[in-house]
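Enquirer: Got a structure for you, questions after.
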Amino acid sequence: MDLKALHYFTQVVDAGGFAKASRNVFLTQPALSKAIKALEEELDMVLLERGKRGTQIKLTAAGELVYRHAELLMSQRQSMLSELDALRNLTGGTLKLGLAPLGSAELFAPVIAKFRQQYPKVEMQLLVRGGIEQTLALQKGEIELATGIIEFGGEFDGLRIRNDPMVVVVPKTHALAGCTELQLKDLQSLSQVMFEPEYALYELILDACDKAGFIPAEITRVSHADFGIALVAAGTGIMVLPQIIAERYRVDAVVNVPLAANDLRWELSLFWRKQQNLSFAAKAMIELIKQQLEQTAAP
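For the sequence shown, the numbering used here assigns the number 1177 to the initial residue and increments by one for each residue that follows.
Here it is, written out as structure tokens:
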């Protein structure tokens, strides 16, 4: 059923006749009459009782029913168009963004604040989870954009946000504290403080250790970098972290020794599913992040 025909029908009823309605919808009276007649034929019901020329039309029982539903459809159509316009102009809608626990405060808080300033009417839902949980949430459609450590391939596309060196956090009193650089093989016999397995960094470090020829013998798992560094300061073990994170939570009782770049680096990305049609809000966030990257790269 053509919505345009239903719109013409409601206009005829509201105007009380074809003459006035034809002026309101910018259609000739014969063309308008033909459209209503076609609607009646499609429904196989008479909707309007047409009196003598100049008299007001009257609704039949079927006409009253169609008019009631047509008004609802027209209202819903207008509501849909208004919401689509809000999405298009970013005066409404929702952005669902997954954030990695590591690095989000340093790298994404400023751009999120800028997004809120530019698009205050877009609702933001932020999911702070480990990389594995974020990937699952993305696949389920629970979020549109995610941040974390990931290899782009057949399913995902995105932006490389950061490529940082790694450091080994050791107590100041440790024998390795005075080294200018460490390799992963130097950590072979040492206890390590590491993140929980749902963090992508956990697998990243384990894989790198495996390539270096060993598996950490004793691991203490944590969920927060500051607590992990506190454990290092207390003598629980050493901790491999991205430099930007280690510096943020650094305490006096530890030192950050650079890790050889060819052993391990930290690459944080913003990513999304290739086959997903991103919302206008998600596209706007991507553009803001691109601008931030360009400003950071500028000399």
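C-beta atoms are modelled at their ideal positions from N, C-alpha and C, and glycine is treated no differently. These figures come from a predicted structure and were not determined experimentally.
Have a look at Glu1299 and Thr1472 and give me their C-alpha separation to the nearest angstrom.
Expert: 27 Å
Enquirer: To the nearest angstrom, how far is the alpha carbon of Val1242 from that of Thr1236?
Expert: In this structure, the straight-line span from the alpha carbon of Val1242 to that of Thr1236 is close to 10 Å.
Enquirer: Could you give the uninterrupted runs of the alpha helix (DSSP H) lying entirely in the stretch 1357-1390, keeping only those of 4 residues or more?
Expert: 1376-1387
Enquirer: By Cβ distance below 7 Å, which residues in the same chain neighbour Ile1308 in space, the five residues on each side in sequence not counted?
Expert: Counting only Cβ-Cβ distances below 7 Å, and skipping sequence neighbours, we find Glu1374 and Ala1376.
Enquirer: Which partner residues of Asn1339 appear in the DSSP bridge assignment?
Expert: The partner list for Asn1339 (beta bridge, DSSP) reads Glu1443.
Enquirer: Could you tell me which residues DSSP pairs with Gln1301 in its beta bridges?
Expert: Assignment of beta-bridge partners to Gln1301 by DSSP yields Lys1272.
Enquirer: Taking only the alpha-carbon atoms, compute the straight-line gap between Pro1206 and Ser1198 and give it to the nearest angstrom.
Expert: 9 Å
Enquirer: Considering only their Cβ atoms, is the gap separating Leu1444 from Ile1288 smaller than 9 Å?
Expert: Their beta carbons are not under 9 Å apart, which means Ile1288 does not touch Leu1444 by this criterion.
Enquirer: Give the DSSP bridge partners of Met1177, in chain order.
Expert: Met1177 is not bridged to any residue.
Enquirer: Using 9 Å as the threshold, is the C-beta distance between Phe1447 and Phe1328 below it?
Expert: yes
Enquirer: Could you round the C-beta distance between Val1346 and Ile1414 to whole angstroms and report it? I think they count as a contact, below 8 Å.
Expert: 5 Å
Enquirer: In chain order, what residues of the same chain lie with their CB nearer than 6 Å to the CB of Leu1278, ignoring the 5 residues before and after it?
Expert: Contacts found: Ile1421.
Enquirer: So Ala1146 and Leu1358 are in contact, right, with Cβ under 8 Å, and what is the actual spacing, rounded?
Expert: Residue 1146 lies beyond the residue range present for the chain, which begins at 1177 and ends at 1475; the question has no answer from this structure.
Enquirer: Which residue marks the beginning of the beta strand (DSSP E) containing Ile1134, and which one marks its end?
Expert: Residue 1134 lies beyond the range of the chain shown here (1177 to 1475); nothing can be said about it.
Enquirer: For Ile1405, count neighbouring Cβ atoms within 10 angstroms of its own Cβ and tell me buried if that reaches 16, exposed if not.
Expert: It counts as buried.
Enquirer: In the DSSP assignment, find the unbroken beta strand (DSSP E) run with Ala1410 in it and report its ends.
Expert: Here Ala1410 belongs to no beta strand (DSSP E), and DSSP marks it neither H nor E.
Enquirer: State buried or exposed for Met1256, treating a residue as buried only when at least 16 other CB atoms are found within 10 Å of its CB.
Expert: exposed
Enquirer: Within a Cβ cutoff of 6 Å, which residues of the same chain sit near Gln1310, ignoring the five residues on either side of it in sequence?
Expert: So the qualifying residues of the chain are Gly1274, Ala1322 and Gly1324.
Enquirer: Could you tell me how far apart the beta carbons of Arg1426 and Pro1341 are, in whole angstroms, since I believe they sit closer than 8 Å?
Expert: In fact, because the Cβ distance is near 15 Å, the residues do not count as touching under 8 Å.
Enquirer: Alpha carbon to alpha carbon, what distance is there between Ser1209 and Asp1220?
Expert: 16 Å
Enquirer: Helix, strand or coil, according to DSSP, for Asp1186 in the structure here?
Expert: The sequence given here has Thr at residue 1186, not Asp. Three-state result, Thr1186: helix.
Enquirer: First and last residue of the alpha helix (DSSP H) that includes Asn1200?
Expert: Phe1194 to Asn1200
Enquirer: Spatial neighbours of Asn1200 within its chain, please: CB distance less than 7 Å, with the 5 preceding and 5 following residues excluded, ordered by chain position.
Expert: Gln1187 and Ala1191
Enquirer: Report yes if the C-beta distance between Ala1457 and Leu1224 is below 9 Å; otherwise report no.
Expert: no
Enquirer: On the premise that Val1416 lies in contact with Leu1407, defined as a C-beta separation below 8 Å, what is that separation, rounded to the nearest angstrom?
Expert: Leu1407 to Val1416, Cβ: 13 Å. No contact.
Enquirer: Could you tell me the distance, in whole angstroms, from the CA atom of Met1461 to the CA atom of Phe1291?
Expert: 7 Å
Enquirer: With H, G and I counted as helix, E and B as strand and the rest as coil, what does DSSP make of Glu1470?
Expert: helix
Enquirer: Ordered along the chain, which non-local residues of its own chain (more than five positions away) have a Cβ less than 6 Å from that of Ile1319?
Expert: Lys1272, Gly1274, Leu1303 and Ala1313
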